[in-house]
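**Student:**
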Amino acid sequence: MEIKKLIDSGLMETYVMGVATDDEVQQVLLLKKQYPEFDEALTKLELDMEILAQSMAVPPPPGILSKIEQEVNEIKLREQNLDRYTSPEHKYQQAEQEKVKQDRYIEVESESNQMRIHKAWRWVFAAVFVLGKIFLGFAIYFYLENRQAQEQIKDLKLEIKDIRSIR
Amino acid sequence: MSEVALNIRKDNVKDIRQLYDKYAGMLLGFIRGTVQDHKRSEEHLIKIISAFAIESNGRPTSWLALRQYAQYKLIEFSSADHEGGKLRDANEINDDLNLLTDDERIVFQAVYYQKKSISQLASLLHKKEDILRTQLKSSVDKIRKARGN
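Just so you know, the sequences run in chain order A and B. Residues in the first sequence are numbered consecutively from 1, following this note's numbering. Residues in the second sequence are numbered consecutively from 1001, following this note's numbering.
(1) Judging by CA-CA distance, which residue of A:Asn-113, A:Pro-60, A:Lys-157 is the nearest neighbour of Ala-1024 of chain B?
(2) Report the neighbours of Gly-1058 of chain B on chain A: residues whose CB is nearer than 7 Å to its CB, in chain order.
(3) Val-1035 of chain B touches chain A at which residues, Cβ-Cβ below 7 Å?
(4) Measure the alpha-carbon distance for Gln-54 of chain A versus Gly-1058 of chain B and round it to whole angstroms.
(5) Are the C-beta atoms of Gln-27 of chain A and some chain B residue less than 8 Å apart?
(6) Taking a cut of 9 Å between CB atoms, which residues from the region 34–60 of chain A lie near chain B?
(7) Is the shortest distance between the beta-carbon of Val-1107 of chain B and the beta-carbons of chain A less than 8 Å?
(8) I want to verify the contact list: residues of chain B whose CB lies under 8 Å from the CB of Lys-67 of chain A, in sequence order.
(9) Looking at the C-beta of Thr-1061 of chain B, does it have a partner C-beta in chain A at a distance below 8 Å?
(10) Within 10 angstroms of its Cβ, does Lys-1116 of chain B collect 16 or more other Cβ (buried), or is it exposed?
(11) Is there a Cβ of chain B sitting closer than 8 Å to that of Ile-117 of chain A, yes or no?
(12) If we define contact as Cβ-Cβ less than 8 Å, is Arg-1133 of chain B a contact residue for chain A?
(13) Got a sec: is the Cβ-Cβ distance from Ala-1122 of chain B to anything in chain A below 8 Å?
(14) Kindly say whether Arg-1017 of chain B, judged by its beta-carbon, lies nearer than 8 Å to any beta-carbon of chain C.
(15) Would Leu-1064 of chain B count as contacting chain A if we go by Cβ distances under 8 Å?
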C-alpha cells in the first residue's frame, strides 16, 4: 500500500525527467532495489518516455551525419593538440628550444636590470668603436693643423707689419 | 565525407552512426521543443550528438541519459543566447500537449524541455511543490494514457 502511494507521489516522474534532488535520487535508487513493483513501474515509465520521444521525432535533414563526424573529428584534433602542448615531452622540447635561443644572445647584465642583445650587434659595436677612434684621430690632427696655421698667420702678420714700418 | 579524411577510428565512426540512427530524430524533436529556429536546432543537434558521442566513448547509453545531457547543453546554449529563464510554448510541435490543462502543460514543458526543478518552478509560479509534483504526474499520465500505455 505504501509503495503504491510512493509510485503515485510523482517521485518517479521527477527522477525520469532528470529534475530530482540528490535525496530523491537516493530514495528512488533504494526503492528500486527494495521493491520490484517500484522497479517495474520505473522501467515502464522510462520506456514510455522513450516512446513519447519517438513519436515526437523529427527526421534530421540530409548531411547532418557527416557534419557530426566532422565536428567529432575537429574536437578530437583540438584535444590531441591540447595534449601535445601540455605533455611533459612538449615542455622538455620547449625548454631545450629556450636554451638554444639563449645561447645566441649575450648576457649584458646578469642582475635585476637585465638587457639581452642579439650576437649580431657585436659587429655593429666593433664598427662604432673603430669609427669613433678614427674620428678622434682626425679631430686631433685637424686641431693641431689649425693651431699651426694660426701661428703661421700670426707670424706672417708680424712680418707684414715690420715691412710696412721699414718703408 | 570519406572516412579517410577523418581523424577518428573506424569503431568510433560506427558508434557515432549507431547513436545517430537510434536517437538523432528523437533528439531533434526534443530540441525543437525548446528552440524555434530550425537552423539553430540543427546546429544544436550536431553539437550535442558530437559531444555526447565523445563522452560516452562507445559505452552503451540510453535515451534518458542523452535527453538529460541535451537538457544541460541546451541550458548552456540558451544562457549564451540570453534566453535563460523563459518558458516556451512547445505545443505546436506536440499534439499530446493539447491534452493537458494550461497548468499541466506549463509544468510539463518547463520540466521536460527546460529542466526546471520543482523548487525553481515553485518560486517561479508561486505554487506549492506538492501541487507541481501532482501536476507533473498527471500530465505524464495523460500523455501515456493517450498513447495507450
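The C-beta atom is built at its ideal place from N, Cα and C for all residues, glycine as well. In this text, all values refer to a predicted model and were calculated from it rather than measured experimentally.
**Tutor:** Looking at the coordinates:
(1) Counted from its first residue, the second sequence places residue 1024 of chain B at position 24. Residue A:Pro-60 is the option with its Cα nearest to Ala-1024 of chain B.
(2) Sequence index remark: in the second sequence, residue 1058 of chain B carries index 58 (1-based). In chain order: nothing, as chain A lies at least about 12 Å away.
(3) Translated into positions along the second sequence, residue 1035 of chain B becomes position 35. What Val-1035 of chain B touches in chain A: nothing, since even the nearest Cβ is about 12 Å away.
(4) Here residue 54 of chain A is taken as the residue at index 54 of the first sequence, counted from 1. Here residue 1058 of chain B is taken as the residue at index 58 of the second sequence, counted from 1. Spanning the two alpha carbons is a distance of roughly 22 Å.
(5) Numbered from 1 along the first sequence, position 27 holds the residue referred to as residue 27 of chain A. No, its Cβ sits nowhere closer than 8 Å to a Cβ of chain B.
(6) Lys-44, Leu-45, Glu-46, Leu-47, Asp-48, Met-49, Glu-50, Ile-51, Leu-52, Ala-53, Gln-54, Ser-55, Met-56, Ala-57, Val-58, Pro-59, Pro-60
(7) Taking the first residue of the second sequence as position 1, residue 1107 of chain B is located at position 107. With 8 Å as the cut-off, Val-1107 of chain B does not count as an interface residue toward chain A.
(8) Looking up residue 67 of chain A in the first sequence gives position 67. Here the neighbours are Ile-1046.
(9) Counted from its first residue, the second sequence places residue 1061 of chain B at position 61. No, Thr-1061 of chain B lies away from the interface with chain A (no Cβ there is under 8 Å from its Cβ).
(10) Start at 1 with the first residue of the second sequence, and residue 1116 of chain B comes out as number 116. Answer is buried; the Cβ neighbour count reaches 16.
(11) Position 117 of the first sequence, counted from the first residue, corresponds to residue 117 of chain A. So no, Ile-117 of chain A is outside the interface.
(12) If you number the second sequence from 1, residue 1133 of chain B lands on position 133. True, the Cβ-Cβ gap to chain A drops below 8 Å.
(13) The residue you call residue 1122 of chain B lines up with position 122 of the second sequence. No, its Cβ sits nowhere closer than 8 Å to a Cβ of chain A.
(14) Although the question refers to chain C, the structure presented lacks it and instead comprises the protein chains A and B.
(15) Along the second sequence, read from residue 1 onward, the residue named residue 1064 of chain B stands at position 64. At least one chain A Cβ lies under 8 Å of Leu-1064 of chain B.
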